[in-house]
Amino acid sequence: MSAHMPSDRSFQLLEVVPGRMESSPAVGRRRWPDETKARIVEETLAPNANVSAIARRYGMAPSQVFGWRRKAIANGQVGRREAPTGDGEAVGGVIEVVIAGATLRVGHEVGEAHLRRVLRAVRSA
């Protein structure tokens, strides 16, 4: 169904002004200072921390906090924290990784940096 056309076939001039849509928030993107981001990320790395609850407390989407946290961990700015055990020692266990037919068994005492070097060596071999 076509729109109604005026009988005099006149043109209408429309003025378009770029701006925000009516349904979008009146406030633009927030700019978080690096210190604030770091503090929020550190808070989420605590054992048993609820990232979604922390994000709600700061009035932001949990996906934003997860993104900040992922970048901070990837850049080596922060490290993951392990939940403390009752006796003060790390939880035991072995992780088994199979790469190109080679099996690598890693205990909890192996540091992340050392494990990365070993994985790189196995992959390049």
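Each position in the sequence shown, counted from 1, maps to that position plus 743 in the numbering used here. C-beta: ideal position from N, C-alpha, C; glycine also.
Item	Value
Between the CA atoms of PHE754 and ILE783 - distance to the nearest angstrom	56 Å
Start and end residues, beta strand (DSSP E) containing ARG800	No beta strand (DSSP E) contains ARG800, which is instead part of the alpha helix (DSSP H) from 794–800.
Touching by the beta-carbon criterion (3+ pairs, under 8 Å), the segment 838–848 and the segment 803–818	no
Classification of THR779 by the beta-carbon crowding that lies within 10 angstroms, buried from 16 upward	exposed
Which listed residue (ARG848, VAL794, ALA804, GLU785) has its alpha carbon closest to that of GLY819	GLU785
Three-state secondary structure (DSSP) of ALA864	helix
Range of the contiguous alpha helix (DSSP H) that encloses GLU786	777–787
Same chain, Cβ closer than 8 Å to SER867, neighbours up to 5 away in sequence not counted	none
Alpha-carbon to alpha-carbon, ALA792 and VAL821	15 Å
CB contact flag (ALA798, PRO805, <8 Å)	yes
Euclidean distance between Cα positions of TYR801 and HIS851	34 Å
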